[in-house]
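Worksheet: the structure to be examined is printed underneath.
Protein chains: 2
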Amino acid sequence: MTTHPPAYSHLLAELRRLDRLSSSLGILFWDEQTNMPPKSAQLRGEQTAALSELVHRESTRPEIGELLAKLKEADLDEDAAAVVREARKAYNRATCLPGEYVARAAAARSAGFHAWVEARKDNDFAQFAPHLEAQIDLAREGAHYQGATDVYDHLIDSFDPGMTSAIIDPLFAELEEGIRPILGTILGSERGVDPSLFKGFPEDKQEVFLREVVTAFGFDFGRGRIDRAIHPFCGGHPEDTRMTTRYDSDNPLDSITSAMHETGHALYEQGLNREFAGTALGSSVGMAVHESQSRLWENQVGRSRAFWRHWEPRYRELFPEQLAPLSSADLHLAINRVAITPIRVDADEVTYNLHILLRYQMERDLFSGKLTVKDVPAAWNARSAEILRFTPQTDREGCLQDVHWSEGLFGYFPSYTLGNLLAAQLWYRLQEDLPDVEAQIGRAEFTPLLEWLRNHVHSLGRRYYTQTFAQKVTGSPLTPQPLLRYLRERYLPLYSN
Amino acid sequence: MTTHPPAYSHLLAELRRLDRLSSSLGILFWDEQTNMPPKSAQLRGEQTAALSELVHRESTRPEIGELLAKLKEADLDEDAAAVVREARKAYNRATCLPGEYVARAAAARSAGFHAWVEARKDNDFAQFAPHLEAQIDLAREGAHYQGATDVYDHLIDSFDPGMTSAIIDPLFAELEEGIRPILGTILGSERGVDPSLFKGFPEDKQEVFLREVVTAFGFDFGRGRIDRAIHPFCGGHPEDTRMTTRYDSDNPLDSITSAMHETGHALYEQGLNREFAGTALGSSVGMAVHESQSRLWENQVGRSRAFWRHWEPRYRELFPEQLAPLSSADLHLAINRVAITPIRVDADEVTYNLHILLRYQMERDLFSGKLTVKDVPAAWNARSAEILRFTPQTDREGCLQDVHWSEGLFGYFPSYTLGNLLAAQLWYRLQEDLPDVEAQIGRAEFTPLLEWLRNHVHSLGRRYYTQTFAQKVTGSPLTPQPLLRYLRERYLPLYSN
Chain F
6 MTTHPPAYSH
16 LLAELRRLDR
26 LSSSLGILFW
36 DEQTNMPPKS
46 AQLRGEQTAA
56 LSELVHREST
66 RPEIGELLAK
76 LKEADLDEDA
86 AAVVREARKA
96 YNRATCLPGE
106 YVARAAAARS
116 AGFHAWVEAR
126 KDNDFAQFAP
136 HLEAQIDLAR
146 EGAHYQGATD
156 VYDHLIDSFD
166 PGMTSAIIDP
176 LFAELEEGIR
186 PILGTILGSE
196 RGVDPSLFKG
206 FPEDKQEVFL
216 REVVTAFGFD
226 FGRGRIDRAI
236 HPFCGGHPED
246 TRMTTRYDSD
256 NPLDSITSAM
266 HETGHALYEQ
276 GLNREFAGTA
286 LGSSVGMAVH
296 ESQSRLWENQ
306 VGRSRAFWRH
316 WEPRYRELFP
326 EQLAPLSSAD
336 LHLAINRVAI
346 TPIRVDADEV
356 TYNLHILLRY
366 QMERDLFSGK
376 LTVKDVPAAW
386 NARSAEILRF
396 TPQTDREGCL
406 QDVHWSEGLF
416 GYFPSYTLGN
426 LLAAQLWYRL
436 QEDLPDVEAQ
446 IGRAEFTPLL
456 EWLRNHVHSL
466 GRRYYTQTFA
476 QKVTGSPLTP
486 QPLLRYLRER
496 YLPLYSN
Chain S
6 MTTHPPAYSH
16 LLAELRRLDR
26 LSSSLGILFW
36 DEQTNMPPKS
46 AQLRGEQTAA
56 LSELVHREST
66 RPEIGELLAK
76 LKEADLDEDA
86 AAVVREARKA
96 YNRATCLPGE
106 YVARAAAARS
116 AGFHAWVEAR
126 KDNDFAQFAP
136 HLEAQIDLAR
146 EGAHYQGATD
156 VYDHLIDSFD
166 PGMTSAIIDP
176 LFAELEEGIR
186 PILGTILGSE
196 RGVDPSLFKG
206 FPEDKQEVFL
216 REVVTAFGFD
226 FGRGRIDRAI
236 HPFCGGHPED
246 TRMTTRYDSD
256 NPLDSITSAM
266 HETGHALYEQ
276 GLNREFAGTA
286 LGSSVGMAVH
296 ESQSRLWENQ
306 VGRSRAFWRH
316 WEPRYRELFP
326 EQLAPLSSAD
336 LHLAINRVAI
346 TPIRVDADEV
356 TYNLHILLRY
366 QMERDLFSGK
376 LTVKDVPAAW
386 NARSAEILRF
396 TPQTDREGCL
406 QDVHWSEGLF
416 GYFPSYTLGN
426 LLAAQLWYRL
436 QEDLPDVEAQ
446 IGRAEFTPLL
456 EWLRNHVHSL
466 GRRYYTQTFA
476 QKVTGSPLTP
486 QPLLRYLRER
496 YLPLYSN
């Protein structure tokens, strides 16, 4: 065991303390979505603002800077060097931002979010436009303070470290080209199931099924919970992982797939090194790898024939009458339904990537200056017609549909598709070690799969950034071919006439 | 409207910020009792420790001291003077404590609590003794920093401002003397109902009943919640009031009375001036007045014939078979059951005060030096025999039963009985303004009662301390005769052979 300089253990103690403070804030956010009484929103806004400001102040304490100044990565072993590298990056980014800017940006995010809610309700982009303008300006201003050379790349990096437009552009182009013929075959097929056949699934029984699946996947309820929220999410700390789901009695498959998705995120969080939470050794790589975990459990596992071989009987046991009109083949088609839908969050795993491509191009052009805010609705609709072959009839089903921009989350969208690429790469890679994984899934034996992910993904923390990570774990940086192969293998047999 | 100096509005902003931070900590405590996964306790301990330390640091910022130095109560109107007085008191008490002491006391409280849990489980006071010793020393040390002249009075004042042993001693003596003959009559009576007749009350139906009662009392679910926890409590912020209850299918009355009790606390919180939360204008007076509110709704209202006149039919509708063997008279006797029980939290409203008297005398003697920690079990048992006429067979049902001392909460116990005194005083006083209150309660009309409490109690905030408050609101400082009158009127007719 390497001996570390005393400054290193002091740094670890500081990082642990910051982790405890920021995860406290995480509990307040979770509570806001799950438990907060309806009229307590203003109080909660003031609570999180006051606490956020304190956490920011604590994370920029000069004492941390002094410790970092004493620690040279070259003198440390690989793990400690990664811890110091990430702590330095976070510290430098945080200290670059004037306190006045942090407070102003927080207030603008809150105002932007509420303006977006209203604008979406009123279906009126013009109401939201000045807030979007303000968010873009704030993002530029923050990137400027932090010494960014390219603003949009800097924003992408904040969600997915090391990622750039130069990496994404060719990946997305190749992916789009590959998806077109697959989608053409599916949409040209006569096969399909009317989703309105799914009706009257009582929520309490949906919850029974869902908890059985989540438990079987390996979620540790000793260190986590699942609750209801309007928007499913996974709030994460390795020692207290809080995921949420929603139930719709006439759309039961949505609740299952979204719970499997959030479980993928949750298993990643619970698989991180608890002892080093808040450091590079106990943090996720970024949103792309996070999304690879949610997608793998939702799609590669949860939409597979193997999975339903075991679970369909149990599902029919819980909903005998509701499922009576549906054959096994119908059920499987419904689970793997593909359709052009206006709304991203309702999209299937084939068209989802086209939704992301659209948003990525919009963001890239907004930050390069090619596109101005007032032209967003027209540009969105034109691009949607081109990429999705669908023209939104309203802003609500077009450029106002996503929350991200209202809160200044630019550069986040690409992670969703990057995560899809990585999920497929991991899926083929892990089958080299686990040739029986489909058979195991068919017996509801998820432990070998989870163990593989623990050893090859979760335990790595943030030692490597996405591209290096993908190279080390799957033998290749991110590439679209495994996802295209997976989509062909999954969907072409289902939708061949 | 008086014009206040600018320092006053700055002080209000500081106090509002501190309120937002400390109530964030309140959400973490609530979550710990209601939602936290079982294995997340260590993380939560570290989160609350880190956040508590920050909140303490923020509440002792020199900027607040500078504002207070500029503000003289004599130059301000009565409301502003009260705000400054209370802010100064809190600031002085907090700044007197060295940071090192605050951290050491927090760690000792946590260690003390866990040692108490273990000692109680093992029924072994010796395990807990060093922790009790440490808590007493810490309480003395803290009182010394804060310049206390009498340590125990100083501790009492921290829960119930202005209260002293010199006030309490004669009140408790007179109360004990008055309770003896009432208790003698009750215990000599042949009337009573076997509590084991209450069996098999499904929890979900108990919850239905309880929510109907809580809603009828006037609890605002728009700004509060009720959840399950092992120990019922009310975590309070006027804008987000979180109370808890518990259900036992074989002890359904406990859940009702304890929910009515917590609702009394919650109505007080929700009735405080929201705009001035965290200041003297929007804070409770102290624990005695808080307890007067919980007791009034639980006892004077919730155990009355009038209350059950309306609610008994609904209760029987929900539990027709369970209640079939019990007459109305049986039900009412069970609700007003009186018995010598070893455990304070299970005690009825007659013997409860004797449990408090015992604890008060123990604390007083521990802090005067008359009693040493090692002699606590023997002294407890001897006093219990004298006051309660009951000798605990084990420490678990004796001196280890309460959590308070393990966390350094000395001086808290007297508030319970002081609250009982005040509840009775308020009860007779409010009937002068609301002569029909019993008839209204009999029709489940609680609005006039709640409005009276809003106007005469809740809206006063902490402008006056308990004795002045009691004088202003009821025409007398605290006095035992109204409680004794109430106990005689309630219990003697029930238990006369």
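Residue numbers (the numbering used here), protein chains in the order written: chain F, 6 to 502; chain S, 6 to 502.
Every residue, glycine too, gets a C-beta built ideally from N, C-alpha and C.
Since this is a predicted model, take the numbers as computed values, not measurements.
Around S/GLN52, the beta-carbon contacts reaching into chain F at under 7 angstroms are ARG25, SER28 and SER29. Excluding residues up to 5 positions away in sequence, PRO243, GLU244, ASP245, THR246 and GLN275 lie with their Cβ nearer than 8 angstroms to the Cβ of F/ARG228 in the same chain. The C-alpha of F/SER299 is placed about 29 angstroms away from the C-alpha of F/LEU371.
Taking every protein chain shown into account, the CB of F/GLY291 has 16 or more other CB atoms within 10 angstroms, so this residue is buried. Here F/ALA74 is exposed: its Cβ has fewer than 16 other Cβ atoms, across all protein chains shown, within 10 Å. Beta-bridge partners of S/ILE231 (DSSP): S/MET248. Our two residues, F/THR346 and F/PHE130, have alpha carbons roughly 20 angstroms apart in a direct line. For a Cβ distance threshold of 8 angstroms, residue set ASP245 of chain S lies close to F/MET41, ordered along the chain. For F/ALA293, the closest alpha carbon among the candidates F/ALA99, F/VAL462 and F/LYS44 is that of F/VAL462. Neighbours of S/ASP36 across chain F, judged by C-beta separation under 8 angstroms: ILE32 and ASP36. Restricting attention to S/MET248, S/THR190 and S/GLY447, the CA atom closest to the CA of S/LEU499 is found in S/THR190. For a Cβ distance threshold of 8 angstroms, residue set PRO42, LYS44 and SER45 of chain F lies close to S/ARG228, ordered along the chain. Counted as a single uninterrupted DSSP element, the stretch harbouring F/GLU402 is not any alpha helix (DSSP H), since DSSP gives it neither H nor E.
Cβ-Cβ distances below 7 angstroms link F/PHE324 to PHE206 and LYS210 in the same chain, with the five nearest sequence neighbours on each side left out; the list follows chain order.
For F/LEU56, a Cβ of chain S is located within less than 8 angstroms of the residue's own Cβ.
Within the segment 105 to 124 of chain F, no residue has its Cβ closer than 9 angstroms to any Cβ of chain S. If only uninterrupted alpha helix (DSSP H) runs of at least 4 residues are considered, those enclosed by the segment 165 to 203 of chain F are 170 to 193. CA-CA distance, S/SER297 to S/TYR433, rounds to 13 angstroms.
Beta-bridge analysis with DSSP links S/ALA285 to no other residue. By the beta-carbon neighbour count (other beta carbons within 10 angstroms, threshold 16), F/HIS236 is exposed.
Assignment of S/GLY241 by DSSP, reduced to helix, strand and coil, places it in the coil class.
Between F/LEU180 and the set F/LEU497, F/ARG493 and F/ASN502, the nearest pair of CA atoms involves F/ARG493. If you draw a 10 Å sphere on the C-beta of F/ILE446, you find 16 or more other C-beta atoms in it, and that means buried.
By the Cβ neighbour-count rule, S/ASN304 is buried, with 16 or more other Cβ atoms within 10 Å of its own. Residue range 442 to 447 is occupied by the alpha helix (DSSP H) that includes F/GLY447.
S/THR471 sits in a helix when the DSSP states are folded into three classes. Chain order gives the chain F residues near S/ARG22 as ALA55, where near means a beta carbon separation below 7 angstroms. In the three-state scheme derived from DSSP, where H, G and I count as helix and E and B as strand, F/ALA46 is classed as helix. The segment 104 to 123 of chain S and the segment 378 to 398 of chain S do not touch, with fewer than 3 CB-CB distances between them shorter than 8 angstroms. For S/HIS136, the enclosing alpha helix (DSSP H) begins and ends at 130 to 150. In the DSSP annotation of this structure, the continuous segment of the alpha helix (DSSP H) that includes F/SER29 starts and ends at 11 to 39. Assignment of F/LYS477 by DSSP, reduced to helix, strand and coil, places it in the helix class.
F/HIS360 is the residue among F/ALA334, F/ALA282, F/HIS360 and F/THR249 whose C-alpha sits nearest the C-alpha of F/PRO397. Counting only Cβ-Cβ distances below 8 angstroms, S/HIS463 has no contacts in chain F at all, with the closest Cβ about 18 angstroms away.
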